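Per our numbering, residue 710 is the first one in the sequence shown, and the count goes up by one each step.
Note that the Cβ used here is the ideal one computed from N, Cα and C, for glycine as well.
All values derive from a computational prediction rather than experimental measurement.
The block underneath contains the structure these notes are about, expressed in structure tokens.
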Amino acid sequence: MPTHAEQRHLPYRPEQLYELVAGVERYPEFLPWCKASRITRREGDVFWADLVIAFKVFRERFTSKVTLIPKTGVDVEYINGPFRYLNNHWRFLSVPEGGCIVDFYVDFEFRSKMLQSLIGLLFDQAVHRMVAAFETRADQLYGKGKAADDGLETAVHSPS
């Protein structure tokens, strides 16, 4: 059950990063391994989305319920697909010195032991690449800035 928690101080307003993460339908444009996404249903600040993820010979579709916390957060609840479970959240906290703290958390387990073994070997690299893709996309959309390293905390937890 790989778990990853990370905080970064980025030079963007919380609402900018919120819009980026909440824009699930645009993920295939910049997110590694995301080949397709579509929103299947909306109810206020909640929507259901299908994502297709592909890596080498694997191609999987999964459905999530996404709850938007306007301008400050996004929660993802796994509904259906190749996972036994998936928990994911993003929080965007304004800081007095400018920019915001991004708090990212993901924890999941695949149903397939083969997929779980494969991702276990690549998990750290995959998560860092995914977080970097969001940061690069923010640079493209909002202008490249230099993120402050103050308060940068990264914690990666994998089962022993």
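Exercise. Are the CB atoms of D754 and T772 nearer to each other than 7 Å?
Worked result: Going by C-beta atoms, D754 is not nearer than 7 Å to T772.
Exercise. Closest by CA to G807, which one among P711, V836 and R717?
Worked result: G807 has its Cα closest to that of R717, out of P711, V836 and R717.
Exercise. Are the beta-carbon atoms belonging to A714 and L777 less than 7 Å from one another?
Worked result: No, Cβ-Cβ distance for A714 and L777 is not below 7 Å.
For this session: Would you list the residues sitting across from H718 in a DSSP beta bridge?
Result: The partner list for H718 (beta bridge, DSSP) reads I810.
For this session: Could you check how far apart the C-beta atoms of R750 and V761 are, in whole angstroms? I think they sit under 8 Å.
Result: Going by Cβ atoms, the distance from R750 to V761 rounds to 17 Å, so no, they are not a contact pair.
Exercise. Between Y794 and E786, what straight-line distance do the alpha-carbon atoms span, to the nearest angstrom?
Worked result: Using only the alpha carbons, I get a separation of about 9 Å.
Exercise. Taking just the CA atoms, how far does V733 sit from I748?
Worked result: Going from the Cα of I748 to the Cα of V733 covers about 8 Å.
For this session: Label P711 either buried or exposed according to how many other C-beta atoms from any shown protein chain fall within 10 Å of its C-beta, with 16 as the threshold for buried.
Result: By the neighbour-count rule (16 or more Cβ atoms within 10 Å), P711 is buried.
Exercise. With distances taken between CB atoms, is the gap from F756 to V775 smaller than 7 Å?
Worked result: Taking a C-beta distance under 7 Å as the contact criterion, F756 and V775 qualify as a contact pair.
For this session: Take Y721 and list the residues in its own chain whose beta-carbon comes closer than 8 Å to its own, dropping the five residues that flank it on each side.
Result: Correct list, in chain order: G808, C809, A847, Y851 and G854.
Problem set entry | Residue burial classification, P723 (beta-carbon count within 10 angstroms, cutoff 16) | Per the 10 Å Cβ criterion, buried.
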